[in-house]
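Read the structure below first, then the notes.
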Amino acid sequence: MKKFNLLFSALLGATSLFAQTVETVSVGPSYQEASYYRLSDGQTQELPHANWQFAFSVFGQQDAGIFVNEGASLGGTAVKLHLSSTTDFATTIDPSTDLVQELSNPEQNWSEGAFNTASNSSAFDYGWGSYQMSNHQIVGDKVFVLELSDGSYKKLMIDSLASGSYYFRYADLDGSNLVQTQVNKADHSGQTLAYYSIDSASTLQTAELNGGWDLLFTRYGTLIDDGQGGQMAYGVTGVLAHKDLEVAEAAGVTPSQVQASSYQDSFATEPLTIVGHDWKSYDFSSGWGVSSDLVYFFRTSDQNIWKVQFIDFEGSSTGVSRLQKENLGPLSIFQAPNAAVKGIKLFPQPARQQNIQLLLEPTQNATYEIQIYNTLGQNIWSKQYNLQQGLQQLELPSAQFSAGQYILQIRQGEQTSALPFLLLD
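For reference, each letter of the sequence shown is one residue, going -19 to -1, 1 to 406 in mature numbering (1 follows the signal peptide of the UniProt record, and there is no 0).
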């Protein structure tokens, strides 16, 4: 009993309360900015599209992604990136004859931007440059042209990525107004991208949300149906996911009834557009609408699973999106050293005179005993289940218990896992 009481005390200290909340995220009138959003507390950080032209991935030792800014206000002109026909930066470039190909961000991951798409099949080719075995640097071998929002041009060459710093230069097409500079990954610790502004000849210091983010509401380019059986490039307003966010889409469902366990094999981190832009649609007679049978499940880096449904989109007048979110709980608020399951979640929490749902991830195919204890350490309910490895969802008969604090314990042989929960009148 002493061992159980110590466990019970530890679990009570970890009790968390979860409920559905509605939050608003805005990208501004005419979609003039991007907005970084964090699920845990609803905090946002806005980044005007006009403040930068290209960006460097800075989150790891091996990444070398470089992105063009495809965002622009509605009616505005986004920056365009072109591959030029020369590899010599000193060459004067004529935009009417020397632009070989327009390049776009693939939106597949945060390690590959538009600059990386000019690559061949070699594993050493990063698009803008090639990896050198002799010195472990990526050395630039292409000249790009940026077509800026005001219609002017800049030629640009990424000279190298060496010792964690990007070295690059840009100038007018005839070579005048040359700028040679660098971006050090270490100066942007905790960020996914370092955003560069040609206007200020520097990176932005307060671009991403301090403390981390999960979703990026922004404008980006994609291919859409042209209405004639083909596709066309188009700028859309949508949602991109953080590199560490696992996303599962549940389409054609009843949002109040859909279970995360049904989508355990659907969680993925790529592409970045799993949420994307098509959770909303426009009708010329009624305006913007959102899908009423679409839900997303997100697994964050701290192993919380969130259930999110978009419930409103106001369009370009305000740029406001509304979403309803519910934290289904951490992967494990408490995990014994010899755990029976990889994760436990209970929802809703707290519960009011209703049965609660148990989401768990067994470590093996076996018989598991689910037990509920009161604050006196008395076992008030137990049942055995034959469970398969992977996410499973069970309903617990909590509606028959009086209000108070309880402990859920899961046993499989000598393995145990436990979690507290709260019932209200």
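Ideal Cβ placement from N, Cα and C applies to all residues, glycine included.
Range covered by the beta strand (DSSP E) that runs through residue i
{"i": "D140", "result": "Y134 to A143"}
{"i": "D293", "result": "I286 to F294"}
{"i": "T199", "result": "L196 to D206"}
{"i": "W362", "result": "N360 to L368"}
{"i": "T5", "result": "Q1 to S7"}
{"i": "F402", "result": "Q396 to L405"}
{"i": "E83", "result": "L80 to L84"}
{"i": "V164", "result": "V160 to N165"}
{"i": "T348", "result": "A347 to Y354"}
{"i": "E88", "result": "From DSSP, E88 is part of no beta strand (DSSP E); its letter is neither H nor E."}
{"i": "Q209", "result": "It is not in any beta strand (DSSP E) - Q209 carries neither H nor E in the DSSP assignment."}
{"i": "A175", "result": "L174 to S178"}
{"i": "G324", "result": "V322 to F328"}
{"i": "residue 422", "result": "A query on residue 422 cannot be resolved here, the shown segment of the chain reaching from -19 to 406 and no further."}
{"i": "S146", "result": "S146 to A152"}
{"i": "P343", "result": "I337 to P343"}
{"i": "Q43", "result": "Element bounds for Q43: n/a, residue is neither H nor E."}
{"i": "V276", "result": "L275 to R280"}
{"i": "V126", "result": "F125 to E128"}
{"i": "E376", "result": "Q373 to L377"}
For residue i, the three-state DSSP class (helix, strand or coil)
{"i": "A222", "result": "strand"}
{"i": "F265", "result": "coil"}
{"i": "S298", "result": "helix"}
{"i": "D106", "result": "strand"}
{"i": "F382", "result": "coil"}
{"i": "A(-6)", "result": "Unreliable positioning characterises A(-6) in this predicted model, as indicated by a pLDDT of 39, which lies under 50. A coordinate reading is not provided."}
{"i": "F96", "result": "helix"}
{"i": "F21", "result": "It should be pointed out that residue 21 corresponds to Ser in this sequence rather than to Phe. Residue state, collapsed to three classes: coil."}
{"i": "P10", "result": "helix"}
{"i": "K61", "result": "strand"}
{"i": "S77", "result": "coil"}
{"i": "S16", "result": "strand"}
{"i": "N308", "result": "strand"}
{"i": "S243", "result": "helix"}
{"i": "A53", "result": "coil"}
{"i": "A229", "result": "strand"}
{"i": "A31", "result": "helix"}
{"i": "S313", "result": "Low per-residue confidence applies at S313: pLDDT is 42, beneath 50, and the placement is therefore not dependable enough to give any value."}
{"i": "S237", "result": "coil"}
8 Å contact criterion, which residue i and residue j should meet: CB distance rounded
{"i": "A36", "j": "Y177", "result": "6 Å"}
{"i": "F265", "j": "V8", "result": "The pair is not a contact, with the Cβ atoms about 22 Å apart (cut-off 8 Å)."}
{"i": "Q186", "j": "L372", "result": "That belief does not hold up - the Cβ atoms of Q186 and L372 are roughly 41 Å apart, past 8 Å."}
{"i": "K224", "j": "T250", "result": "7 Å"}
{"i": "S11", "j": "L55", "result": "4 Å"}
{"i": "F175", "j": "V49", "result": "A small correction: the amino acid at residue 175 is Ala; Phe does not occupy that position in the sequence shown. Rounded, the Cβ-Cβ distance is 14 Å, inconsistent with contact."}
{"i": "L190", "j": "Q13", "result": "Going by Cβ atoms, the distance from L190 to Q13 rounds to 18 Å, so no, they are not a contact pair."}
{"i": "A384", "j": "L357", "result": "The Cβ separation is near 15 Å, so there is no contact."}
{"i": "V228", "j": "F248", "result": "7 Å"}
{"i": "V322", "j": "L341", "result": "5 Å"}
{"i": "G296", "j": "G268", "result": "7 Å"}
{"i": "I119", "j": "A45", "result": "6 Å"}
{"i": "A15", "j": "G52", "result": "6 Å"}
Three CB pairs or more closer than 8 Å across the segment 253 to 262 and the segment 93 to 100: no
| query | Does the count of Cβ pairs from the segment 384 to 396 and the segment 347 to 358 closer than 8 Å reach three? | reply | yes
Three or more C-beta pairs under 8 Å: does that hold for the segment 203 to 215 against the segment 226 to 244?
no
Okay, do the segment 290 to 306 and the segment 366 to 384 touch, 3+ Cβ pairs below 8 Å being the bar? no
ask   = Does the pairing of the segment 118 to 127 with the segment 56 to 66 give three or more beta-carbon distances under 8 Å?
value = yes
Exercise for review: Could you tell me whether the segment 152 to 163 touches the segment 97 to 108, using the rule of 3 or more Cβ pairs below 8 Å?
Suggested key: no
*asked:* Can you confirm whether the segment 136 to 147 touches the segment 64 to 82 when touching is taken to mean that 3 or more C-beta pairs between the two stretches lie within less than 8 Å?
replied: yes
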